[in-house]
Amino acid sequence: MTDHAADFYAAVALDVPLARSFDYRVAGVLPAVGERVVVPFGRQRLSGVVTALSQIAPDFAGIRDIESAPGDMPALPADVLALCRFVADYYLAPIGQVLAGALPTVFRQPKVWSGFEAELAYAAPDVEALLATLSARARKQRALAEALRQPRRIDELRAVASDASRWLKDWQAAGQVITRPWQPPAPGQVHTGPRPELQAEQAAAVDALGAAQGFVPWLLYGITGSGKTEVYLRSIEAVLQRGQQALVLVPEINLTPQLEGRFRQRFPEECVVSLHSGLAEGERTRNWLMAARGEARIVLGTRLAVFAPLPALGLIVVDEEHDPSYRQSEGVRYSARDLAVYRANQRKVPVLLGSATPSLESWKNAREGRYRLLQLKQRAVTGAVAPKIELLPTGRVYMPDGIHPLALDALARTLNSGGQALVFINRRGYAPVLSCRDCGWISGCKRCSAKLVLHLSERRLRCHHCGYEIMPPVACPDCGNQDLQPLGQGTQRIEDILASRFPETPPLRIDRDNTRRKGSLEAMLAQVHAGEARLLVGTQMLAKGHDFAKLQLVLVLGADSGLFSVDFRAEERLYAQLLQVAGRAGRAGQPGRVLIQTHYPEHPFFGALVRGDYAAFADEQLAQRKQLLLPPASHWAMLRAEARQMPRAMGVLKAAQADLRAAGITVNDPVPATLVRKAGVERAQLVLSAPQRGVLQQALDHWLHSAQIPSGVRVTTDIDPQEF
DNA sequence: AGCACGCCGACT
DNA sequence: GTCGGCGTGCTC
Numbered sequence: 001m002t003d004h005a006a007d008f009y010a011a012v013a014l015d016v017p018l019a020r021s022f023d024y025r026v027a028g029v030l031p032a033v034g035e036r037v038v039v040p041f042g043r044q045r046l047s048g049v050v051t052a053l054s055q056i057a058p059d060f061a062g063i064r065d066i067e068s069a070p071g072d073m074p075a076l077p078a079d080v081l082a083l084c085r086f087v088a089d090y091y092l093a094p095i096g097q098v099l100a101g102a103l104p105t106v107f108r109q110p111k112v113w114s115g116f117e118a119e120l121a122y123a124a125p126d127v128e129a130l131l132a133t134l135s136a137r138a139r140k141q142r143a144l145a146e147a148l149r150q151p152r153r154i155d156e157l158r159a160v161a162s163d164a165s166r167w168l169k170d171w172q173a174a175g176q177v178i179t180r181p182w183q184p185p186a187p188g189q190v191h192t193g194p195r196p197e198l199q200a201e202q203a204a205a206v207d208a209l210g211a212a213q214g215f216v217p218w219l220l221y222g223i224t225g226s227g228k229t230e231v232y233l234r235s236i237e238a239v240l241q242r243g244q245q246a247l248v249l250v251p252e253i254n255l256t257p258q259l260e261g262r263f264r265q266r267f268p269e270e271c272v273v274s275l276h277s278g279l280a281e282g283e284r285t286r287n288w289l290m291a292a293r294g295e296a297r298i299v300l301g302t303r304l305a306v307f308a309p310l311p312a313l314g315l316i317v318v319d320e321e322h323d324p325s326y327r328q329s330e331g332v333r334y335s336a337r338d339l340a341v342y343r344a345n346q347r348k349v350p351v352l353l354g355s356a357t358p359s360l361e362s363w364k365n366a367r368e369g370r371y372r373l374l375q376l377k378q379r380a381v382t383g384a385v386a387p388k389i390e391l392l393p394t395g396r397v398y399m400p401d402g403i404h405p406l407a408l409d410a411l412a413r414t415l416n417s418g419g420q421a422l423v424f425i426n427r428r429g430y431a432p433v434l435s436c437r438d439c440g441w442i443s444g445c446k447r448c449s450a451k452l453v454l455h456l457s458e459r460r461l462r463c464h465h466c467g468y469e470i471m472p473p474v475a476c477p478d479c480g481n482q483d484l485q486p487l488g489q490g491t492q493r494i495e496d497i498l499a500s501r502f503p504e505t506p507p508l509r510i511d512r513d514n515t516r517r518k519g520s521l522e523a524m525l526a527q528v529h530a531g532e533a534r535l536l537v538g539t540q541m542l543a544k545g546h547d548f549a550k551l552q553l554v555l556v557l558g559a560d561s562g563l564f565s566v567d568f569r570a571e572e573r574l575y576a577q578l579l580q581v582a583g584r585a586g587r588a589g590q591p592g593r594v595l596i597q598t599h600y601p602e603h604p605f606f607g608a609l610v611r612g613d614y615a616a617f618a619d620e621q622l623a624q625r626k627q628l629l630l631p632p633a634s635h636w637a638m639l640r641a642e643a644r645q646m647p648r649a650m651g652v653l654k655a656a657q658a659d660l661r662a663a664g665i666t667v668n669d670p671v672p673a674t675l676v677r678k679a680g681v682e683r684a685q686l687v688l689s690a691p692q693r694g695v696l697q698q699a700l701d702h703w704l705h706s707a708q709i710p711s712g713v714r715v716t717t718d719i720d721p722q723e724f
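The first sequence begins at 1 in full-length UniProt numbering and counts up one residue at a time.
Below, the structure is given as structure tokens:
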């Protein structure tokens, strides 16, 4: 008989979509709270995180033993556990899934992680001798050799030259490079690379940031080219000087290498690591561990990095804080920007939100004094000139191809003079849909309620939601008419039109359809930088981060679709997007030209955009939202139900509607989702709102726990939904 | 989510 | 006669 008095019991959070944690008896060594353990679960073995320990035996007869504690992961610190619990409560998500999302993937599996070997540092004892063996033209190799003047980790060296591993192996074999265990640099004097002079506004911002103590949320509102990054760098420098860590969040993976390079240049002796899902498993795990041990002083990452353990956290920076990529929209839904603010508050450190087009949420907070506003109105980046934004009214102009003749003229002039031009349209494919002129038939997806998009180059009709593909029919399936026409425009159709208009300078299309293969985007961007491609056609993708020095003209098509959208956030997003593409033009000294083709040149939206007055636009939008009781002036949530048949999904939502109305929540009627059927599942949604966040939260939480949801119906919640 | 159990249609 | 479809139910 076992001595029950001495037993410990652990509550373990598992990566299953169940709200509660599961209790296990501690069989061996007592694990710490926050440690990962492997447990039996039904017929499976799962990895979970210990969330609580107790000596009181749970009232459950079938209790089982913890199988093992692998000990390959440091226990999550209390603040990360608390952050995860907050996410679980706030977003009504299962705690186990939140915790799983916070860990590198290797720690979500029962398997013990063996990539445990000590981090190595590479160095060249005699750099001059090594350089002497290299050809003068081998620029990457020479850069790598230069970097080896001091001991460097492999990830740093790969950032210098992507082929680092191969060359290091050769040089090691030749005895020119040696390795030894990597030692984290002791905090001390911070050495910086060259620092540009600060403009008065930047200096004022840096001073204000430096003077503040404890938790202060800052909104750094700075126009494109005003040098926000320099403000981040100076603030980080102060953090490093105090021996603390800085967490820097960026919206997308492809923005990390650029910024990482800049940080490494500025702080050549500091340990900078990145955290994002594009990293190889081993590298991500090692970087995470360096962050968790406090060795990494600067942690640069995408939204998932907000969960990284950081024992010496001193500052959080959220770059492009308005960016929708900060929202996780699958699985556990959260806003990394909001969590960054929560975490800063938790740790009593400042958080710096930067943007040229702040989100209305942050703007409201700044206007109401909850965030402190820092403004950069002047251009500080050398060569940065404001692009000239012009409207091209399409009123009564004959445009057989959907492009204004003046736009074609401008393109021709730019191309003839040897310049580069970008045609921006936010729609992939050849044309949105294929349609029959006779009977009005439109290509629809068999599995979803979405339209199939024509991709002419692959001769496919493709669903952008579920991936369903078919060959385009030769004749109309309904009436047999052979004259099927593409309706509207997408990137591919524009590409075709431009190809016939400008045979001398073939257009290069860059969108998700032709950059899916790894490295293909980089290859295309290289063509652009080399000046081989001078006429670009692209979506969203091209708007972010990539600077094209020779770009003189940006033509925006299809902007109007954002003006009259049912989605109340569409205008806000359009503004940010247009400003971002506009910023691509004319960075190398000459002002670029941005032409926006529109049917509605009088729309107030364009007034603010052309004047470059985002503040006015944001204030106007906020006033509207207040009047219409839309976020951020009220709080919204969405209840979604999925089932095989629509009536079952609707039934659950109708019940929810009645219950939640009784609880004092404003509830719309349940409606079939925008995309009613997705991959064979019927979906419906219910939009809820309340002036106070807490009321909504409690009512929903209560409903989820008490409602009788029939099996076969899946209910999910989306707090602060971004799309409707 | 997995993974079982369980009860009805077309196949080696 | 069985293989297998996915409805239902459970996991400390």
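Ideal Cβ positions, reconstructed from N, Cα and C, are used throughout, including at glycine.
Test item: CB-CB of residue i and residue j under 9 Å
i, j, result
"T302", "P251", "yes"
"K550", "G531", "yes"
"L92", "L46", "no"
"P380", "G225", "First, the amino acid is wrong: residue 380 is Ala here, not Pro. It is a contact, given that the beta carbons lie within the stated cut-off."
"A102", "F307", "yes"
"V206", "G96", "no"
"E571", "G562", "yes"
"N552", "A421", "Checking the sequence, you will find Gln at residue 552 rather than Asn. It is a contact, given that the beta carbons lie within the stated cut-off."
"P393", "T598", "yes"
"L536", "V423", "yes"
"D334", "Y90", "Residue 334 is actually Tyr in this sequence, not Asp. Cβ atoms of Y334 and Y90: closer than 9 Å."
"E269", "Q150", "yes"
"A656", "L686", "yes"
"R573", "V554", "no"
"L498", "V528", "no"
Residue i: first and last residue of the uninterrupted beta strand (DSSP E) it sits in
i, result
"C436", "433-436"
"S47", "44-54"
"E330", "Looking at the DSSP string, E330 is not in any beta strand (DSSP E), and its letter there is neither H nor E."
Beta-carbon separation (whole angstroms), residue i vs residue j, contact threshold 8 Å
i, j, result
"T51", "L81", "7 Å"
"L144", "A164", "6 Å"
"V12", "V39", "6 Å"
"G227", "Q199", "7 Å"
"Q485", "R437", "6 Å"
"L415", "R534", "6 Å"
Cβ-based burial, residue i [other Cβ within 10 Å; buried from 16]
i, result
"V713", "buried"
"H455", "buried"
"D323", "buried"
"Y371", "buried"
"Q645", "exposed"
"N365", "buried"
"Y398", "exposed"
"M73", "buried"
"M1", "Confidence in M1 is poor, its pLDDT being 46 and thus under 50, which makes the residue's placement unreliable; the coordinate value appears in the next sentence. Result: exposed."
"G222", "buried"
"S443", "buried"
Range covered by the alpha helix (DSSP H) that runs through residue i
i, result
"G607", "604-611"
"E281", "281-292"
"A88", "78-90"
"A576", "570-582"
"M638", "Not the alpha helix (DSSP H): M638 falls in the beta strand (DSSP E), residues 635-643."
"H702", "693-706"
"K228", "228-241"
Next item on the list: Decide yes or no for the touch test of the segment 306-320 against the segment 334-343: beta carbon pairs closer than 8 Å, at least 3 of them.
Entry: yes
Check: Below 8 Å, can you find three or more Cβ-Cβ pairs linking the segment 398-416 to the segment 241-250?
Finding: no
Notebook entry, point to check: Is the number of C-beta pairs between the segment 650-660 and the segment 607-624 that are closer than 8 Å three or more?
Noted result: Because the criterion of three Cβ pairs below 8 Å is not met, the segment 650-660 and the segment 607-624 do not touch.
Notebook entry, point to check: Touch check for the segment 231-243 and the segment 285-293: three-plus C-beta pairs under 8 Å?
Noted result: no
Margin query: Closer than 8 Å is the cut-off here; do at least three beta carbon pairs connect the segment 215-224 with the segment 343-355?
Written below: yes
Checklist line | Segment contact flag, the segment 477-485 with the segment 384-393, C-beta cutoff 8 Å, min 3 pairs | finding: Taking 8 Å as the limit for Cβ pairs, the verdict is that the segment 384-393 does not touch the segment 477-485.
Next item on the list: Taking 8 Å as the threshold, find out whether the segment 691-700 comes into contact with the segment 618-636 through three or more Cβ pairs.
Entry: The answer is yes - the segment 618-636 touches the segment 691-700, with three or more Cβ pairs under 8 Å.
Check: Below 8 Å, can you find three or more Cβ-Cβ pairs linking the segment 176-189 to the segment 120-137?
Finding: yes
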